[in-house]
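Quick note: the sequence shown uses UniProt numbering, first residue 1, plus one each step.
Glycine included, each C-beta is placed from N, C-alpha and C at the ideal position.
This one's a predicted model, so the numbers in the text were calculated from it and none came from an experiment.
Notes for the one structure printed next.
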Amino acid sequence: DNRGLSDSLKSASPILIKFVELLIGILCTCLIFVPFDNQLHRSVHRSGVVCVAFSIPIISNIILLTSHFRNSPTPKITLYYFSFVSAVFLIAAGCILINDWWVFLRSLHFLPPKMFMDLMLSSGIFSFVLSLICFIDIYLTYNYY
């Protein structure tokens, strides 16, 4: 009976990882909201890339989970594209956030509050974690969906 449980977990793993992506995407969005709301970004373009990068996995996973639970099939290639584009944008967002954090940390003219800096750093780290999860999602979708 352990084999049946193992097989059912393997077949459910692409859907479970989409829930994890959704939760971490929401977490990243909540973490970066306070620093960006207090003008802790170097340019509007950089903050736009970060906001788009965090919204892609949220929107795409809500759509994919809705279609899964409505029993309307989604082509595998679409799942691959969503996960790959999300991962690439999240790597870019993580690089932008870590770079901005480093620039603000080394600035002699402007030192933001520590809480804002910690939120920006943790959002950048979670961005890299979420991009890794997106790449794992591609692997799980390829093998078990």
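Of the candidates L40, I26, R3, L22, the residue whose Cα lies closest to the Cα of P113 is L40. Counting only residues of its own chain and dropping the five nearest sequence neighbours on each side, V34 has a CB closer than 6 Å to the CB of L119.
Around the beta carbon of D7, a 10 Å sphere encloses fewer than 16 other beta carbons of the protein chains shown; the residue is thus reported as exposed. It is roughly 42 Å from the alpha-carbon of I32 to the alpha-carbon of R3. P57 and L130 do touch by the CB rule: their CB atoms are close to 7 Å apart, below 8 Å. By the Cβ rule, the segment 42 to 60 counts as touching the segment 87 to 99, because three or more pairs are nearer than 8 Å.
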